[in-house]
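Here is the structure we will look at.
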Amino acid sequence: MTLALARYAARRRLRGAVVVAGGLSVLTLLMVSLYPDVAANVDLDAYTESLPPAFQAAFGIETLGTVEGFLATELYAFGWVLLLGVYFAYTAAGVVARDVETGRMDLLLSLPMGRRRLLAEATLSLLVPLVAVNALVPVVVYASVAWIGESIAVTDLVVVHLASVPYLLATAAVGVGASVVADRAAVAQRAAAGVVFGLYLVESVVADTDLEALGALSPTHYYDPTAILVRGTHDPGGAVVLLAATAVVWTASSVYFTRRDVN
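Residue numbering for the sequence shown follows the working numbering, starting at 59 and increasing by one per position.
See below:
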């Protein structure tokens, strides 16, 4: 029975993980292939400077005139921070709620394992898409950038993906929290996706305002692809905060799940 549930759930997530990793790889190829034409016909630095400072701060835009800055804005700020963040929250929201809704949870609870272990193994299956996207996409990024005659620092590329792991785990924890509270998967998934997207909007809207401190409530506050790819800097403290938040939310979810009536 060692990790049997985790292995079973992981196999079920394999196809979805391949689809997501493949989709992001296609998006990467599209963005990189567009860059030479855009850079040749548009003064991207002038365009960046023409944007309102609040808009630049909200979306982490420092420069579009380099392939690193272009990818940080067009691929990572959108594909990783928003799309993947919402995806992991949405996916994680089904780990408990779907089984409760279908009645499968009664069978799972009859197995010789506690509820906390059941939740832990179900959560572990989320590592499949997490590993898939962070293993495939950086290879595609590096190869496609080299294909158009540009270059990108391997170290920065590796770091931007490693740093995304705590961020994606934090968004997944939001989904797990919604999953143990709701009795219907659709409700949990909409709630989790809405929370992550809402926090993203809050952090974007309050940037460079008197309410900027509220942005610290959002996981996006602690993951900055632009800083890594453009400036080559990374804040390890942000990763620690995200991992700590993940642990707190998951533990609270586990405690609630062990005490709730799932019938």
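Don't be surprised by glycine CBs; every beta carbon is placed ideally from N, CA and C.
query                                                                                                                                                                               : result
Note down the Cα distance separating residue 160 from residue 146, rounded to an integer number of angstroms.                                                                       : 21 Å
Would a check of beta-carbon distances place residue 316 closer than 9 Å to chain D?                                                                                                : In the displayed structure, chain D is absent; only one protein chain is listed.
By a C-beta neighbour count over all protein chains shown, 10 Å radius and 16 as the cutoff for buried, is residue 270 buried or exposed?                                           : exposed
Quick one: which unbroken beta strand (DSSP E) runs of 3-plus residues sit fully inside the stretch 110-187? Chain order, please.                                                   : none
Let me know the secondary structure DSSP gives residue 261 once reduced to three states.                                                                                            : helix
By DSSP, does residue 59 sit in helix, in strand, or in coil?                                                                                                                       : Low confidence applies to residue 59: its pLDDT is 49, below 50, so where it sits in the model is not reliable enough to give any reading.
When the Cα atoms are used, what is the spatial distance from residue 96 to residue 137?                                                                                            : 19 Å
On the premise that residue 228 lies in contact with residue 151, defined as a C-beta separation below 8 Å, what is that separation, rounded to the nearest angstrom?               : That belief does not hold up - the Cβ atoms of residue 151 and residue 228 are roughly 14 Å apart, past 8 Å.
For the structure I just gave you, are there three or more beta carbon pairs, one from the stretch 126-145 and one from the stretch 83-97, closer than 8 Å?                         : yes
Kindly confirm or deny that the stretch 184-200 and the stretch 272-281 touch, where touching means at least three C-beta pairs closer than 8 Å.                                    : no
Leaving aside the five residues before and after residue 209 along the sequence, list all residues of the same chain whose C-beta is less than 7 Å from its C-beta, in chain order. : 203
With respect to the alpha helix (DSSP H) encompassing residue 286, which residues constitute its N-terminal and C-terminal limits?                                                  : 283-289
Suppose you measure from the CA of residue 234 to the CA of residue 286; what does that come to, to the nearest Å?                                                                  : 29 Å
From 77, 312, 307 and 98, pick the residue whose C-alpha is nearest to that of residue 190; which is it?                                                                            : 77
If you draw a straight line from the C-alpha of residue 162 to the C-alpha of residue 226, how long is it?                                                                          : 27 Å
So which of 260, 294, 241 and 133 has the shortest CA-CA distance to residue 217?                                                                                                   : 294
Return the CA-CA distance between residue 316 and residue 249, expressed in angstroms with no decimal places.                                                                       : 21 Å
In this structure, how does DSSP classify residue 279 when only helix, strand and coil are distinguished?                                                                           : helix
Ordered along the chain, which non-local residues of its own chain (more than five positions away) have a Cβ less than 6 Å from that of residue 182?                                : 64
I need the straight-line Cα distance from residue 214 to residue 220, nearest angstrom please.                                                                                      : 10 Å
Expressed to the nearest angstrom, what Euclidean distance is found between the alpha-carbon atoms of residue 264 and residue 302?                                                  : 24 Å
Applying the 10 Å Cβ sphere with the 16-neighbour rule, what's the burial state of residue 73?                                                                                      : exposed
Report the residue from 84, 158 and 205 whose alpha carbon sits nearest the alpha carbon of residue 240.                                                                            : 158
Tell me which same chain residues have a C-beta within less than 8 Å of the C-beta of residue 174, skipping the five on either side of it?                                          : 312, 315 and 316
Output yes or no for whether 9 Å exceeds the beta carbon distance between residue 149 and residue 184.                                                                              : yes
Where does residue 208 fall in DSSP's three states?                                                                                                                                 : coil
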